[in-house]
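Engineer: Here's a structure for you.
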Amino acid sequence: MSERAVPPPRSANILVRTRDQGRRASFESSDGQECPRSYPKQSVRVALLVAVMTVVTMVETLSVVEAAPAPGATATAPGPATDLNDQLETLRSKHKLPALAAAVIKGQTTLALGAVGVRKDGGSEKVTIEDKFHIGSCTKSMTATLAAMLVEEGKLKWTTQIAETFPERVAAMHADYREMTLEQLLSHRGGAPASLDADGLWGRIWKHKGTPTEQRLFLFDGVVSKPPEATPGTKYIYSNAGYAIAGAMLERITGTPWEELVRERLFKRLGMASAGFGAPASAGKVDQPWGHTAGLLGRKPVPPGPGADNPVAIGPAGTVHCSIGDLAKYAAFHLQGARGEGRLLKADSFKKLHTPIEGQEYALGWLVVQRGWAGGTTLTHAGSNTMFYTVIWIAPKKNFAVIVATNLGGDEAEKACDETAGKLIQEFLPK
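Residue numbering for the sequence shown follows this note's numbering, beginning at 93 and increasing consecutively.
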């Protein structure tokens, strides 16, 4: 695995950007080292779940008109969704992907759905519509959504500081970190590092034993004992560590592991029965898609095990997996909320999650950008653990969303998913 910035989708059919922009953002934390398969060496580079959403120059070429939402629509289609397999197979073959999955959402209805290809390169096991794909940093909006729920319940505030949440750890905290707030962490303005490689922390995180909560506290202590990369609140620094710390705050406030919070408060309530954490497949089996790395010597399937995902310590930054249909339910949930029709959260909470912090385009778990094809504002995020790639686009004014996923990491996967999103937008948004 390798750490890299994942920009917003750049499909030539929708969003054409200049080639010298956005591929490696100014806040990328790459240091050129290699990630381990199981346990890292002291010198390996940080291999965090990544989905840095860069601000780039784009030329929009689609023009669409708004369609009215269906009154009383539910989260599932009233009839069979359109089968996307023929379109997806053409794109999967073109980009030589192991597998490709996508969904198109209108209101609370999944209009179209498909999954093609194989679970493991060179194998015969075909993916199905129920197969699970790793969504990487698309997990971040889930952590932010959990935070909004707890804020609504009065269990914490957006301005809650880590020193308030962990008073027993204040003495060991660097003074500049003590006033770092929940909102700053979720908007990447907490000063938390872009890389965890300093002083071998990333390697120690890989080797550290204990419950997920204990592992996040180990990460917490390793980060906040050092000076922040910037004074909290002053600079945007995309940080998986920041989201891990935010997750630790939610755990401390509730006394519940982050994984259980997500499962009980989101997955169960949204009907996301396939959702879970880490690499989707079982050890020694090809019962779900395997991730694949892309390199100079070609792509390589990564067997389930310690090297098939990042450590649970950074779970709140991006270790969720689910089927493409269940991810469509989650996208529909935020689409509904962005239109002021939300459930589980109040309208003001959705507005908070979807409003960028002044001076940047990143909100709380979402990048918020303007697109002509969307009639204005879109919510978007991409995610990759460098072995899978997933992207979500939500267009509230069009009451429309599209999601695409593949079990391959790297630039070709990004390009393929962008092109797929573009073609689906062209086909399913009315001209």
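Quick reminder that beta carbons are idealized off the backbone N, C-alpha and C, glycines included.
Quick caveat, the model's predicted, so the values are computed rather than measured.
In terms of residue numbering, what span does the alpha helix (DSSP H) encompassing Val315 cover?
Structural biologist: Within the sequence shown, the letter at position 223 stands for residue 315. Its alpha helix (DSSP H) spans residues Pro304 to Val316.
Engineer: According to DSSP, what are the bridge partners of Glu191?
Structural biologist: Start at 1 with the first residue of the sequence shown, and residue 191 comes out as number 99. Per the sequence presented here, residue 191 reads as Ala, with Glu not at that position. Ala191 pairs with Gly209.
Engineer: Check this for me: beta carbons of His473 and Ser279, under 8 Å apart or not?
Structural biologist: Numbered from its first residue, the sequence shown carries residue 473 at position 381. Numbered from its first residue, the sequence shown carries residue 279 at position 187. Contact: no.
Engineer: What alpha helix (DSSP H) runs, 4 residues minimum, are completely inside the stretch 449-517?
Structural biologist: Complete alpha helix (DSSP H) runs here, min 4: none at all.
Engineer: Helix, strand or coil for Lys299 per DSSP?
Structural biologist: Within the sequence shown, the letter at position 207 stands for residue 299. Of the three classes helix, strand and coil, the one that applies to Lys299 here is helix, per DSSP.
Engineer: Rounded to whole angstroms, how far is the Cβ of Thr235 from the Cβ of Thr252, which I believe are closer than 8 Å?
Structural biologist: Counted from its first residue, the sequence shown places residue 235 at position 143. Counted from its first residue, the sequence shown places residue 252 at position 160. That belief does not hold up - the Cβ atoms of Thr235 and Thr252 are roughly 15 Å apart, past 8 Å.
Engineer: Would you kindly report the start and end of the unbroken beta strand (DSSP E) that includes His226?
Structural biologist: The count along the sequence shown starts at 1 and reaches residue 226 at position 134. Lys224 to His226 is the span of the beta strand (DSSP E), which, as asked, contains His226.
Engineer: How many whole angstroms separate the CB atoms of Cys230 and Thr482, which I take to be in contact at a CB cut-off of 8 Å?
Structural biologist: On the sequence shown, residue 230 is found 138 positions in, with the first residue counted as 1. On the sequence shown, residue 482 is found 390 positions in, with the first residue counted as 1. Going by Cβ atoms, the distance from Cys230 to Thr482 rounds to 5 Å, so yes, they are a contact pair.
Engineer: I need the DSSP call for Phe369, collapsed to helix, strand or coil.
Structural biologist: The residue you call residue 369 lines up with position 277 of the sequence shown. Three-state result, Phe369: strand.
Engineer: For Lys392, I'd like the list of residues in its chain whose CB is within less than 6 Å of its CB, leaving aside the five on either flank, ordered along the chain.
Structural biologist: In the sequence shown, residue 392 corresponds to position 300, counting from 1. So the list reads Thr385, once near-sequence residues are dropped.
Engineer: Taking the alpha-carbon positions, what's the Asp178 to Asp268 distance?
Structural biologist: Residue 178 sits at position 86 when you count from the first residue of the sequence shown. Residue 268 sits at position 176 when you count from the first residue of the sequence shown. In a straight line, the C-alpha of Asp178 is about 55 Å away from that of Asp268.
Engineer: Three or more C-beta pairs closer than 8 Å, one from the stretch 499-519 and one from the stretch 422-438: is that the case here?
Structural biologist: No, they do not touch.
Engineer: Buried or exposed: where does Gly457 fall if 16 or more other Cβ atoms within 10 Å of its Cβ makes it buried?
Structural biologist: Along the sequence shown, one-based indexing puts residue 457 at 365. Gly457 comes out buried.
Engineer: If you pair each beta-carbon of the stretch 186-202 with each one of the stretch 331-351, do three or more pairs fall below 8 Å?
Structural biologist: Cβ pair count under 8 Å is below three, so no.
Engineer: With distances taken between CB atoms, is the gap from Pro381 to Val219 smaller than 8 Å?
Structural biologist: The residue given as residue 381 occupies position 289 in the sequence shown. The residue given as residue 219 occupies position 127 in the sequence shown. A contact, by the Cβ cut-off of 8 Å.
Engineer: In chain order, what residues of the same chain lie with their CB nearer than 7 Å to the CB of Glu525, ignoring the 5 residues before and after it?
Structural biologist: What the structure shows of the chain is the stretch from 93 to 523, and residue 525 is not part of that stretch, so it cannot be assessed.
Engineer: Starting from the N-terminal side, write out each stretch of the beta strand (DSSP E) that is 3 residues or longer and does not extend beyond the stretch 372-439.
Structural biologist: Listed in chain order, the complete beta strand (DSSP E) runs (minimum 3 residues) inside the stretch 372-439 are 383-385, 392-394 and 412-415.
Engineer: By how many angstroms is the C-alpha of Ile486 removed from the C-alpha of Ala493?
Structural biologist: In the sequence shown, counting from the first residue as 1, residue 493 sits at position 401. In the sequence shown, counting from the first residue as 1, residue 486 sits at position 394. Looking at the two C-alpha atoms, the distance is approximately 4 Å.
Engineer: To the nearest angstrom, report how far apart Leu288 and Ala322 are at their CA atoms.
Structural biologist: For the purposes of this step, residue 288 is taken as residue 196 along the sequence shown, with counting starting at 1. For the purposes of this step, residue 322 is taken as residue 230 along the sequence shown, with counting starting at 1. Going from the Cα of Leu288 to the Cα of Ala322 covers about 15 Å.
Engineer: Among Thr326, Leu205, Gly325 and Leu277, whose alpha-carbon lies nearest the alpha-carbon of Phe312?
Structural biologist: As a working mapping, residue 312 is identified with position 220 in the sequence shown. Of the listed residues, the one whose Cα sits closest to Phe312 is Leu277.
Engineer: Are Lys318 and Arg281 closer than 8 Å when you measure CB to CB?
Structural biologist: Within the sequence shown, the letter at position 226 stands for residue 318. Within the sequence shown, the letter at position 189 stands for residue 281. Against a cut-off of 8 Å, the Cβ pair of Arg281 and Lys318 comes out as no contact.
Engineer: Please report the residue range of the alpha helix (DSSP H) in which Gln276 lies.
Structural biologist: As a position in the sequence shown, residue 276 is number 184, starting the count at 1. Its alpha helix (DSSP H) spans residues Leu274 to Leu278.
Engineer: Is it buried or exposed, Ser476, if we count other Cβ atoms within 10 angstroms and call 16 or more buried?
Structural biologist: For the purposes of this step, residue 476 is identified with residue 384 of the sequence shown, where counting begins at 1. Buried.
Engineer: Roughly how many angstroms lie between the CA atoms of Lys249 and Ala409, to the nearest whole one?
Structural biologist: By 1-based counting over the sequence shown, the position of residue 249 is 157. By 1-based counting over the sequence shown, the position of residue 409 is 317. Cα to Cα, Lys249 sits roughly 20 Å from Ala409.
Engineer: Leaving out five residues before and five after Gly314 in sequence, what residues of the same chain have Cβ atoms less than 6 Å from its Cβ?
Structural biologist: Residue numbering aside, residue 314 sits at position 222 when the sequence shown is read from its first letter. Here the set comprises Leu293.
Engineer: By DSSP, does Leu362 sit in helix, in strand, or in coil?
Structural biologist: Residue numbering aside, residue 362 sits at position 270 when the sequence shown is read from its first letter. Of the three classes helix, strand and coil, the one that applies to Leu362 here is helix, per DSSP.
Engineer: Rounded C-beta distance between Leu183 and Thr512? I'm assuming under 8 Å.
Structural biologist: Mapped onto the sequence shown, residue 183 falls at position 91. Mapped onto the sequence shown, residue 512 falls at position 420. Contact holds; Cβ gap of about 5 Å.
Engineer: What's the C-alpha gap between Ser373 and Val412?
Structural biologist: Along the sequence shown, one-based indexing puts residue 373 at 281. Along the sequence shown, one-based indexing puts residue 412 at 320. It is worth fixing the name first, because residue 373 is Ala in this sequence and not Ser. Distance between the alpha carbons of Ala373 and Val412: 13 Å.
Engineer: Under the rule that 16 or more other beta-carbon atoms within 10 Å means buried, what is Ala264, buried or exposed?
Structural biologist: As a working note, residue 264 is residue 172 in the sequence shown. Exposed, because fewer than 16 other Cβ atoms sit within 10 Å of the Cβ of Ala264.
Engineer: Can you tell me which of the three DSSP states Gly199 falls into?
Structural biologist: For the purposes of this step, residue 199 is identified with residue 107 of the sequence shown, where counting begins at 1. Gly199 falls in the coil class under three-state DSSP.
Engineer: Nearest to Lys224 by CA position, among Gln452, His426, Gly206 and Glu356, is which residue?
Structural biologist: Reading the sequence shown from its first residue, position 132 is the one you call residue 224. Residue Gly206 is the option with its Cα nearest to Lys224.
Engineer: Do the CB positions of Glu271 and Pro320 come within less than 8 Å of each other?
Structural biologist: Within the sequence shown, the letter at position 179 stands for residue 271. Within the sequence shown, the letter at position 228 stands for residue 320. No.
Engineer: Looking at the secondary structure, which residues open and close the alpha helix (DSSP H) in which Val354 lies?
Structural biologist: As a working note, residue 354 is residue 262 in the sequence shown. Residues Trp350 to Val354.
Engineer: Would you grab the beta carbon distance between Pro488 and Leu389 for me? Rounded to a whole angstrom, and I think it's under 8 Å.
Structural biologist: Translated into positions along the sequence shown, residue 488 becomes position 396. Translated into positions along the sequence shown, residue 389 becomes position 297. In fact, because the Cβ distance is near 43 Å, the residues do not count as touching under 8 Å.
Engineer: Rounded to whole angstroms, how far is the Cβ of Gly407 from the Cβ of Val394, which I believe are closer than 8 Å?
Structural biologist: Taking the sequence shown and counting its residues from 1, one reaches residue 407 at position 315. Taking the sequence shown and counting its residues from 1, one reaches residue 394 at position 302. Going by Cβ atoms, the distance from Gly407 to Val394 rounds to 19 Å, so no, they are not a contact pair.
Engineer: Using CA coordinates, which residue listed in Gly501, Lys377, Ala367 and Phe310 is at the minimum distance from Met479?
Structural biologist: Locating residue 479 in the sequence shown gives position 387, counting from the first residue. Nearest of Gly501, Lys377, Ala367 and Phe310 to Met479, Cα basis: Gly501.
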